[in-house]
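Trainee: Attaching a single structure in structure tokens format; questions to follow.
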Amino acid sequence: MSFFSFKKKIFTMDDKVKIVENWVHLYGDMLYNWAYNKTNSKEIAKDLVQETFIAAFRKYYQFENKSAPKTWLIAILNNKIIDYHRATKNTKYISIENNGIVLTDTMFDNDNFWLNELDQKIWRKENDKTSAELIEEKLKKCISNLPEKWSLAISYKYFSDEKTDAICQELNISTSNYWQIIHRAKLLLKKCVELQ
Amino acid sequence: MIDFRKYLPYLLYSCKRVSAIISINPLERTSKERYILGYHKSICKACHNYQYQNTIIEATLSKSLKIDTSLKLSNEKKAVIIEFINKEAV
Numbered sequence: 010m011s012f013f014s015f016k017k018k019i020f021t022m023d024d025k026v027k028i029v030e031n032w033v034h035l036y037g038d039m040l041y042n043w044a045y046n047k048t049n050s051k052e053i054a055k056d057l058v059q060e061t062f063i064a065a066f067r068k069y070y071q072f073e074n075k076s077a078p079k080t081w082l083i084a085i086l087n088n089k090i091i092d093y094h095r096a097t098k099n100t101k102y103i104s105i106e107n108n109g110i111v112l113t114d115t116m117f118d119n120d121n122f123w124l125n126e127l128d129q130k131i132w133r134k135e136n137d138k139t140s141a142e143l144i145e146e147k148l149k150k151c152i153s154n155l156p157e158k159w160s161l162a163i164s165y166k167y168f169s170d171e172k173t174d175a176i177c178q179e180l181n182i183s184t185s186n187y188w189q190i191i192h193r194a195k196l197l198l199k200k201c202v203e204l205q
Numbered sequence: 079m080i081d082f083r084k085y086l087p088y089l090l091y092s093c094k095r096v097s098a099i100i101s102i103n104p105l106e107r108t109s110k111e112r113y114i115l116g117y118h119k120s121i122c123k124a125c126h127n128y129q130y131q132n133t134i135i136e137a138t139l140s141k142s143l144k145i146d147t148s149l150k151l152s153n154e155k156k157a158v159i160i161e162f163i164n165k166e167a168v
């Protein structure tokens with residue numbers, strides 16, 4: 010046994026149970042709200058939260074305190090939500106990330122300048138409430154059409170209080186890759202809003 | 079004396095590269111990126127427009143992804159989850 014293995018705390022089964030039980034009380038409501046927001050069904054949201062905690066308990070050895078428990082639990086829940094949508098086929102995901110990359114690339118010409126960049130009508134009225142509501146409505150629909158990883162990155166950015174470094178660690182991507190994903194996701198959302 | 083020639087490449091950034099800079103959190107932009115963006119925006123209306131659109135997308139996303147936190151998971155459900163976890167532990 011190496012010197013470093015002594016530094017790693019070994020959790021007993023009871024420790025694990027206590028920790029996850031504590032998480033149920035601390036993060037149960039937050040995860041439930043998040044799941045409900047994504048599924049629009051209280052019953053399904055409850056089931057997904059239950060599955061999330063059970064999965065967290067089973068995979069506890071993967072956690073290792075690299076990120077905040079909240080971030081880790083959201084990651085598990087998001088995967089459950091994606092599986093749910095896939096199973097029910099409620100949402101059309103662009104499963105291949107390359108499709109998204111190709112779509113965003115078509116927004117620029119060969120010299121990488123905006124292609125047909127018109128001042129689209131939808132963006133014009135700065136203080137028009139109807140326009141803002143329309144954009145919000147369209148964006149909500151468009152988010153569900155983003156590639157899975159992009160959708161996750163966007164969800165993390167705006168939902169969790171984590172800093173970029175922690176999100177990148179959770180998503181297992183570099184910071185520059187993360188900003189590239191956020192950038193492409195926003196471009197795709199812009200295109201989607203304008204086309205709808 | 080400042081050698082302006084070394085800054086020339088930055089003036090030739092394409093809209094594609096500049097739009098990527100626009101998407102970065104303003105607080106996380108480097109001074110080089112801020113300089114490129116400032117210059118490019120002054121000569122490119124499309125990027126100027128995109129920055130405005132990006133602000134709207136950002137604001138809408140933070141608003142719409144901010145979830146309603148009024149729902150509470152019932153104590154009964156929490157107890158059921160804990161029971162499941164205890165069963166898993168056995």
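Chains A and B, in that order, give the protein sequences.
Going letter by letter, the first sequence gives residues 10 to 205 in the numbering used here.
Going letter by letter, the second sequence gives residues 79 to 168 in the numbering used here.
Every residue, glycine too, gets a C-beta built ideally from N, C-alpha and C.
From a predicted model like this one, the values you see are computed outputs, not experimental measurements.
1) For the alpha helix (DSSP H) that Y91/B lies in, which residues bound it at each end?
2) How big is the Cα-Cα spacing for Y70/A and M22/A?
3) If you measure from the beta carbon of Y36/A to each beta carbon in chain B, is any gap under 7 Å?
4) Just curious, the alpha helix (DSSP H) that W123/A is in, first and last residue?
5) Just mark A167/B as buried or exposed, buried being the case when its beta carbon has 16 or more other beta carbons within 10 Å.
6) So Q71/A contacts chain B; which residues on that side make the cut at Cβ distance below 9 Å?
7) Using CA atoms only, rank isn't needed, just tell me which of K149/A, Y167/A and E52/A is closest to Y93/A.
8) I need the straight-line Cα distance from L105/B to E146/A, nearest angstrom please.
9) Measure the Cβ-Cβ separation of L143/B and Y41/A and say whether it is below 7 Å.
10) Report back the beta-carbon spacing between S140/B and Y45/A to the nearest angstrom; my notes put them in contact at under 8 Å.
11) Output needed in chain order: residues of the segment 124-138 of chain B with a Cβ under 9 Å from some Cβ in chain A.
12) So the candidates are E136/B, S109/B and Y128/B; which of them puts its Cα closest to the Cα of F122/A?
13) Express the C-alpha separation of W159/A and T108/B in angstroms, rounding to a whole number.
14) May I have the straight-line CA-CA distance separating I121/B from E60/A, to the nearest angstrom?
15) I'd like to check one pair, K119/B with V33/A: are the Cβ atoms closer than 7 Å?
16) Does any C-beta atom of chain A lie closer than 7 Å to the C-beta of E166/B?
17) Please state whether the Cβ-Cβ distance between L196/A and T113/A is less than 7 Å.
18) Using 7 Å as the limit for Cβ to Cβ distance, is H94/A near chain B?
Mentor: Quick look at the numbers:
1) Your numbering for residue 91/B matches position 13 in the second sequence. Counting along the chain, Y91/B falls outside any alpha helix (DSSP H), and DSSP gives it neither H nor E.
2) Locating residue 70/A in the first sequence gives position 61, where the first residue counts as 1. Locating residue 22/A in the first sequence gives position 13, where the first residue counts as 1. If I take the Cα positions, the gap works out to 11 Å.
3) Position 27 of the first sequence holds residue 36/A. Taking Cβ atoms only, chain B never reaches closer than 7 Å to Y36/A, which makes this a no.
4) For the purposes of this step, residue 123/A is identified with residue 114 of the first sequence, where counting begins at 1. Element bounds for W123/A: n/a, residue is neither H nor E.
5) One-based indexing of the second sequence puts residue 167/B at position 89. Per the 10 Å Cβ criterion, exposed.
6) Here residue 71/A refers to the residue found at position 62 of the first sequence. Under the 9 Å cutoff, chain B gives no residues; its nearest Cβ is about 15 Å from Q71/A.
7) Walking along the first sequence from the start, residue 93/A turns up at place 84. Nearest of K149/A, Y167/A and E52/A to Y93/A, Cα basis: E52/A.
8) For the purposes of this step, residue 105/B is taken as residue 27 along the second sequence, with counting starting at 1. For the purposes of this step, residue 146/A is taken as residue 137 along the first sequence, with counting starting at 1. Distance between the alpha carbons of L105/B and E146/A is about 28 Å.
9) Locating residue 143/B in the second sequence gives position 65, where the first residue counts as 1. Locating residue 41/A in the first sequence gives position 32, where the first residue counts as 1. Their beta carbons are not under 7 Å apart, which means L143/B does not touch Y41/A by this criterion.
10) Stepping through the second sequence from its first residue, residue 140/B is reached at position 62. Stepping through the first sequence from its first residue, residue 45/A is reached at position 36. The Cβ separation is near 19 Å, so there is no contact.
11) A124, C125, N127, Y128, Y130, Q131, N132, I134, I135, E136, A137 and T138
12) Looking up residue 122/A in the first sequence gives position 113. For the residues E136/B, S109/B and Y128/B, the minimum Cα distance to F122/A belongs to Y128/B.
13) In the second sequence, residue 108/B corresponds to position 30, counting from 1. In the first sequence, residue 159/A corresponds to position 150, counting from 1. The alpha-carbon atoms of T108/B and W159/A are separated by roughly 24 Å.
14) By 1-based counting over the second sequence, the position of residue 121/B is 43. By 1-based counting over the first sequence, the position of residue 60/A is 51. Taking the straight line joining both Cα atoms gives about 53 Å.
15) Here residue 33/A is taken as the residue at index 24 of the first sequence, counted from 1. Here residue 119/B is taken as the residue at index 41 of the second sequence, counted from 1. No, the Cβ-Cβ distance between V33/A and K119/B is not below 7 Å.
16) For the purposes of this step, residue 166/B is taken as the residue at position 88 of the second sequence. It does; some Cβ of chain A falls within 7 Å.
17) Position 187 of the first sequence, counted from the start, is the residue given in the question as residue 196/A. Position 104 of the first sequence, counted from the start, is the residue given in the question as residue 113/A. Going by C-beta atoms, L196/A is nearer than 7 Å to T113/A.
18) Numbered from 1 along the first sequence, position 85 holds the residue referred to as residue 94/A. Not an interface residue.
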